[in-house]
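K.L.:
Got a structure here, written out as structure tokens. Questions coming.
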Amino acid sequence: MKLWKKISLLTAVVLFIAMGIFGGGMLYETWKYNLNQTVSSYQQQMKVNSYVIAQEINNNPLSRFSEVTRKSFLNYTVQKYGGTDYILLKNGQEVVNLTGYTLVSGEDARFNDQDPAYVLQKTDNRHLLVMGQTLKTEKKENLKFQLILVKDISGIYEEMTKQMWLFIMIYLVVIFFAVDIVFWLVRMVLKPLTELENTAGAISRGDWERRCRVRRNDEIGKVSVAFNRMADKMEEQMEELETVSERRRQLLGSLTHELKTPMTSIIGYSDTLLHVKISEEQQKKALEHINSECRRLERLSGKMMTLIGLYDEDRIHKEPYPVDRLVREVADLERYHMQDSQMELLASSESWECEMDVDLMESLLVNLLDNAIKASKPGSVIELHGEKGCIWVRDSGKGIPEEEIPRITEAFYMVDKSRSRKAGGIGMGLALCQKIAEIHRANLVIESVVGQGTKISVVFQEETDE
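What follows is the structure, given as structure tokens:
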């Protein structure tokens, strides 16, 4: 059963019970009030009639009357002042009965008081009010009179029955319309949940742009807002995953393409060594070529794994690290390699710290210096400098054409392919640097003039924002 049906049904049951209890209570209280008013009215009437009849009895010497005369007198007096609803008892014996009902017993102890007392009785499907009191007569004749009122009040009960049936009819009609209204209101209130369900289903089927429409600021509206935020985050993550997947696919495709050249070269030289008789010097050159291409494949696969691994940022450990120390360590590593090229490295840095993964930042700077070495002539000077919020490498080599600058951070892209091949390059250095910079919330800023050299700066956003 759906939620809106459960809530509607529960509300209808509660409404049904509450209205039944309230209506029944009101009906009972109305009947009780009418009954009390009727009893109170007859009590007042009883007091007046009792007083008048008692005075008549006191003013006439009943003992001097004959039995017939006394009975006629009492009958006349009761009928005159009380009407046909009264019974008169004398010393527990019925002397006057104008009601048409017969007393089962004589004197009733409940009516011994001189204030009216009453009981409710049901006889032959009729509801009777029996009220009585003792008359205030003189005791000299040792006569005790009780006046009893017998009144049919079935009309009050019949009226209550009519009101009860009328209430039941109205109650059922009201409940019917109330339940319809409750069902409609609950569906309207919970409609955003249905839309939320449909939106979740659409997203699960791949419609990542689907969102809930937020029309209210209540709890359901807040849930819709939270769901939309979650969907936005999921869409961002999916886009990132798709981007990473696409990058890896492109990298693997490019790697496959790049592997063809060294593999072709290795196969060609190995076939020559296997099937062609060549001189010892030619064999040595062939083996050197094979060795060179194998080393290139090793570097290529290593950098590919590094670049692909960088997309999993959970493996990256950042910590505050002195930049001047980093520059000094990288310079010590590169000076050894630069001796063979007869180049000079000028390294310097201001004293400041930056949050970084030290191994990755070393790899970034080493790649930048390797590129600078490959682009420079023997005897050139290469600069490595760290200043607040920035680390840069500058060479005085061939430079990069302006139209090529936007593409040099693409994997396997090389401005001068022949020069890069001779220098052992694989076209992945700056792509690796770009990714490392992104992980550290930094930008690679490339400035180059053909024939004058290139300056590549790593600009940290957090530092510059401060």
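Take any residue in the sequence shown, count from 1 to its spot, add 476: that is its number in the numbering used here. Virtual Cβ for every residue (Gly too), placed ideally from N, Cα, C.
1) Identify the continuous beta strand (DSSP E) that holds residue 673 and give its terminal residues.
2) Give every residue of the same chain whose Cβ lies closer than 6 Å to the Cβ of residue 919, excluding the five residues on either side of it in the sequence, and list them in chain order.
3) Find out if the Cβ-Cβ distance for the pair residue 807, residue 844 is shorter than 8 Å.
4) Which residue from 932, 515, 803 and 708 puts its Cα closest to that of residue 608?
5) May I have the straight-line CA-CA distance separating residue 836 from residue 679, to the nearest angstrom?
6) Count the other CB atoms, across all protein chains shown, that sit within 10 Å of the CB of residue 820; report buried if there are 16 or more and exposed otherwise.
7) Does the beta carbon of residue 494 come closer than 8 Å to any beta carbon on chain C?
8) According to the neighbour-count rule (16 or more other Cβ atoms, all chains shown, within 10 Å of its Cβ), is residue 683 buried or exposed?
9) Excluding sequence positions up to five away, which residues of its chain have a Cβ less than 8 Å from the Cβ of residue 840?
10) What does the alpha-carbon distance come out to for the pair residue 762 and residue 854?
11) Considering only their Cβ atoms, is the gap separating residue 575 from residue 561 smaller than 8 Å?
12) Per DSSP, what kind of secondary structure is residue 853 in: helix, strand or coil?
13) If you check the beta carbons only, do residue 937 and residue 875 fall under 8 Å apart?
14) Report all residues from its chain with a CB closer than 6 Å to the CB of residue 635; omit the five preceding and five following residues, and keep chain order.
15) Express the C-alpha separation of residue 655 and residue 1000 in angstroms, rounding to a whole number.
16) Can you name the start and end residues of the beta strand (DSSP E) that residue 602 belongs to?
17) If we count Cβ pairs, one from each stretch, closer than 8 Å, do we get three or more for the region 588-604 versus the region 637-651?
18) Tell me whether residue 930 is buried or exposed, calling it buried when 16 or more other Cβ atoms sit within 10 Å of its Cβ.
19) Residue 916 by DSSP, collapsed to three states: which one?
20) Secondary structure at residue 553, three-state DSSP: helix, strand or coil?
21) Of the choices 710, 668 and 681, whose alpha-carbon is the least far from that of residue 690?
22) Name the one or two DSSP bridge partners that residue 559 has.
P.N.:
The short version:
1) Element bounds for residue 673: not the beta strand (DSSP E) but the alpha helix (DSSP H), 667-680.
2) Sequence-distant partners of residue 919 (beyond 5 residues in either direction) whose C-beta falls short of 6 Å from its own C-beta, in its chain, are 935.
3) no
4) 515
5) Residue 836 and residue 679 have their alpha carbons spaced roughly 37 Å apart.
6) exposed
7) This model lacks chain C altogether, as it is built from one protein chain only.
8) By the 10 Å Cβ count, residue 683 comes out exposed.
9) 908, 909, 912, 913 and 934
10) 27 Å
11) yes
12) coil
13) no
14) none
15) Outside the shown range of the chain, which is 477 to 942, sits residue 1000, and nothing can be said about it.
16) 602-610
17) No: the two stretches stay apart, fewer than three of their Cβ pairs being nearer than 8 Å.
18) buried
19) coil
20) helix
21) Taking residue 690 as reference, the option from 710, 668 and 681 with the minimal CA-CA separation is 668.
22) The partner list for residue 559 (beta bridge, DSSP) is empty, contrary to what the question assumes.
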